[in-house]
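To start, the structure under review is shown below, and the notes come after it.
Number of protein chains: 2
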Amino acid sequence: MHRAGALPFGVRHMSATEPTSPSTLSPRAREVLAAARELLEEEGPDGLSMRRLGDRLGISAPAFYRHFPDKRALENTLIYEAFWDLGDLLLAAIEDSDDPITDLAAAYRAYALEHPHLYDLLYQRPLDRDSIDPAGETHAGEAIRRLSGNDPISARMIWAYAHGMIDLELKGRFPHGTDVTAVWRRGIASLKPALGL
Amino acid sequence: MHRAGALPFGVRHMSATEPTSPSTLSPRAREVLAAARELLEEEGPDGLSMRRLGDRLGISAPAFYRHFPDKRALENTLIYEAFWDLGDLLLAAIEDSDDPITDLAAAYRAYALEHPHLYDLLYQRPLDRDSIDPAGETHAGEAIRRLSGNDPISARMIWAYAHGMIDLELKGRFPHGTDVTAVWRRGIASLKPALGL
DNA sequence: GTCTATATCAAGATAGAC
DNA sequence: GTCTATCTTGATATAGAC
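Protein chains in written order, with our numbering: chain A, 1 to 197; chain B, 1 to 197.
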């Protein structure tokens, strides 16, 4: 299998002025990637097959391999970019906020509910850390690190709560009629003091 | 660890005096189930195929279908029994405890770390609630309901935190060197007051 | 960059004999 | 309760022509 160094296909963000558009992908590869993301978001992880991807693009399945070495490279690129997008949203949420932890939590939940299958992709398997640029993950965690004053214990505590809430909600684990927002509120209120907020 | 009641095909357990040992499975089906659980725990969800299950039992793959109607029924039985076992452990953990919420958290984490693939099975997909007796889930939640004084908001808050911690740990998401126990401690300490503890 | 044809593999599940 | 033989489906991926 072809490996483009430490990065999935050399995907790396190069510019400080355009952090959300990192790419060394060819234009055609970007189209393939966009179609893959649509397919994933519409049909879930099982819908993301080479055949279906080809169908969506109007090409045959094998043509995919001219653009990515294999399926994993495609998924890794999706993961990297999703982390980056999420990081942008979370940073925007806390900027100039009067209640940054609440707004952070709301933004996190909103992203997950809008992109449930993409969120799943981020967490369903161990990260392929040999092939995914860690900058995506790092960027995703930036907002919570800032709020926690760089205290890693508290940052991970709030991350775990948020992730647990999302996972239970996305997987339909809360009983019908649960006021999920109320659970969020109480959890955030309880965890806030540990962040010094 | 006890042998929990099976509920493979919509049959409910009837006895209030022996809730943890009801079974309508034939002895042979129980052997199949035990082998399936071993296989799952040793090799993960992808290892649980009919062929491999047959190999482990020394029978052919199709022979399985004399004992369960299909793979999903087998998985549902595994899920039901895992919930039941977990519920037993959690109830035992809080009984006569001086610090029940801490002991509950420790027991939950211990179960997940000892049976990571089984834990995954419990949460990786939407529950097939049409085919799984809800008694298992209910039993699993009994301890936390007691601790929270039947306040569902607080119970779900603590559940989400615990699940999030487990999921991040099992999936290797915490950076190398993270003191996971310290994160647990701080989270539990922060959430405790909301439970009135 | 895309095609057709194909290799390879493995999955869940059924039929019917014993 | 188990067997052999088989069906059906669908996955990732490669070869080689255009």
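For each residue, glycine too, the CB sits at the ideal point set by N, CA and C.
Span of the alpha helix (DSSP H) around residue i
i	result
E43/A	P27 to E43
F83/A	K71 to I94
R158/B	Looking at the sequence shown, residue 158/B is not Arg but Ile. Segment P152 to L170, the alpha helix (DSSP H) holding I158/B.
L119/A	It should be noted that the sequence gives Tyr, not Leu, for residue 119/A. P116 to Y123 is the extent of the alpha helix (DSSP H) around Y119/A.
L48/B	Per DSSP, L48/B belongs to no alpha helix (DSSP H) and is neither H nor E.
A189/B	V180 to L191
G136/A	A135 to A140
Rounded straight-line distance, which links the Cα of residue j to that of residue i
i	j	result
S131/B	P27/A	48 angstroms
Y115/A	R52/A	Checking the displayed sequence, the identity of residue 115/A turns out to be His instead of Tyr. Going by the C-alpha atoms only, they are around 19 angstroms apart.
D46/A	H139/A	28 angstroms
L57/B	L121/B	22 angstroms
R72/A	K192/B	42 angstroms
A61/B	M50/B	5 angstroms
L195/B	D151/B	8 angstroms
L33/A	L168/B	27 angstroms
T102/B	R109/A	27 angstroms
G54/B	A63/B	8 angstroms
E41/B	H163/B	19 angstroms
L48/A	I59/A	15 angstroms
W84/A	V183/A	27 angstroms
R186/A	H67/A	47 angstroms
Neighbour flag for residue i against chain A, beta carbons, 7 angstroms
i	result
R186/B	yes
H163/B	yes
R156/B	yes
I132/B	no
L191/B	yes
A194/B	yes
Any C-beta of chain B under 7 angstroms from that of residue i
i	result
A182/A	yes
P126/A	yes
L168/A	yes
G172/A	yes
L113/A	no
I153/A	yes
A160/A	yes
Residue i classed as buried or exposed, judged by whether at least 16 other C-beta atoms fall within 10 angstroms
i	result
G44/A	exposed
Y65/A	exposed
P100/A	buried
G87/A	buried
S190/B	buried
A112/B	buried
A105/B	buried
R37/A	buried
D70/B	exposed
G172/B	exposed
D133/A	buried
Contact test: residue i Cβ vs the ligand NAP heavy atom, cutoff 6 angstroms
i	result
T102/A	Among the components of this structure there are no ligands whatsoever, and the ligand NAP is therefore not found.
- Task: Count the CB pairs spanning the region 173 to 191 of chain B and the region 110 to 129 of chain B that are closer than 8 angstroms, and state whether there are at least three.
- Result: no
- Say whether the region 79 to 96 of chain A touches the region 142 to 149 of chain A, bearing in mind that this needs 3 or more beta-carbon pairs closer than 8 angstroms, one atom from each stretch. yes
- the region 152 to 163 of chain A in contact with the region 63 to 80 of chain A per 3-pair CB rule at 8 angstroms: no
- Can we say the region 59 to 77 of chain B touches the region 158 to 165 of chain B, given the rule of at least three CB pairs closer than 8 angstroms? The region 59 to 77 of chain B, when compared against the region 158 to 165 of chain B, does not touch it at the 8 angstroms Cβ threshold.
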